[in-house]
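Numbering (the working numbering), first residue to last: 1100 to 1387.
Don't be surprised by glycine CBs; every beta carbon is placed ideally from N, CA and C.
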Amino acid sequence: MRNFSETLYDAYAQEFRVDELLHEVKTDHQHLVIFKNVIFGRVMALDGIVQTTEKDEFIYHEMMSHVPILAHGNVESVLIVGGGDGGMLREVCRHDTVRRVTQVEIDQAVIDMCRRYLPGHSAGAYDDPRAEIVIDDGIHFVRETQQRFDVIISDSTDPIGPGEALFTESFYAACRKCLNPGGILVTQNGVAFHQMDEIRQTGEHLESLFGDWHFYTAAVPSYVGGAMYFAWATDEPRHRRTDIATLRERYRKSGITTRYYNPEIHFSAFALPQYVLEAVGKSDNEYL
């Protein structure tokens, strides 16, 4: 393999030079490849789609974890659906207030390979005594579990193959059932410029289920095409209105050092461009 060309879109692709192929395997669920690139470091792709890189993973993982946890302000239990690379688990476990983290990953091979070839992603989080790792289909788990969580993070692949079920109304409804009162669900929702239909559909599902829903953004270089979008859903509208002064105090008390996240980024991340607001049926950036 001399070059890796992503297969997410039919008419457009980004290409990486493969400086060293580290691992390639067809697991029971998907095709996994990990390679080195001089710019992005180690890169993992599943079924032809880049999932994470050493160089920019901190942006994605910090924004999906710290935004809901610090907006909530009293998170003790977290469910991560997917996230086999371990980066989300690492960031969640940095919060001392979190007493229990359950991670549900469909493919044990992803965890095993990432612990071996991308150890900096999990950085020992898989050995944290608060972490329970469950190998199961995410939608099956949320439908069947009796556990309840303050925050649910759906760190899924794109809605292709194993990740497709994690973008359905039935999955979001099952997540709502698993949330404690005032709990927050966040999900990865792709790049709006290329994947607007996915974002529009997610908005329709969340509007039918939750009292407050929206999207927030972060720019992740290896997810090309503009800002990455994260869906936000809760029955407690006050969480999205958490003011900067409160966020600053919670961030200070957490003692966490971040590379991308800060309270100002948190607050401004919910400001969406007009074309996205119109696409998802929002009249304005309410609460800002």
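_Once DSSP output is grouped into helix, strand and coil, what is the label at Y1359?_
coil
*Between which two residues does the beta strand (DSSP E) carrying E1231 extend?*
A1230 to I1234
*Considering only the beta carbon of each residue, do G1172 and R1351 sit closer than 8 Å?*
no
*When burial is assigned at 16 or more other CB atoms within 10 Å of the CB, is T1106 buried or exposed?*
exposed
*Go ahead and pull the three-state DSSP assignment for Y1322.*
coil
*Own chain, CB closer than 7 Å to A1272, minus 5 neighbours either side, in chain order*: L1308
_What residue range does the alpha helix (DSSP H) around V1191 cover?_
G1186 to C1192
*asked:* Quick check: what's the CA-CA separation for G1437 versus P1372?
replied: The requested residue 1437 does not occur in the structure, where the chain is confined to residues 1100 to 1387.
*Curious, which full-length beta strand (DSSP E) runs of at least 3 residues does the stretch 1134 to 1193 contain?*
1140 to 1145, 1148 to 1152 and 1176 to 1181
*From this set, C1192, T1345 and I1138, which residue's C-alpha is nearest R1229's C-alpha?*
Comparing Cα-Cα distances from R1229 to each of C1192, T1345 and I1138, the minimum goes to C1192.
*Would you call the CB atoms of E1175 and R1141 closer than 8 Å?*
Contact flag unset, no.
_According to DSSP, simplified to helix, strand and coil, what is A1344?_
helix
*Of all the options D1146, R1339 and D1118, which has the alpha carbon lying nearest to the alpha carbon of K1125?*
D1146
*What are the boundary residues of the beta strand (DSSP E) that includes G1219?*
That residue, G1219, is in no beta strand (DSSP E); its alpha helix (DSSP H) goes P1218 to S1221.
*How about H1165 and T1357: do their beta carbons lie closer than 8 Å?*
Less than 8 Å separates the beta-carbon of H1165 from that of T1357.
*Provide the residue span of the beta strand (DSSP E) that contains F1103, from first to last.*
N1102 to S1104
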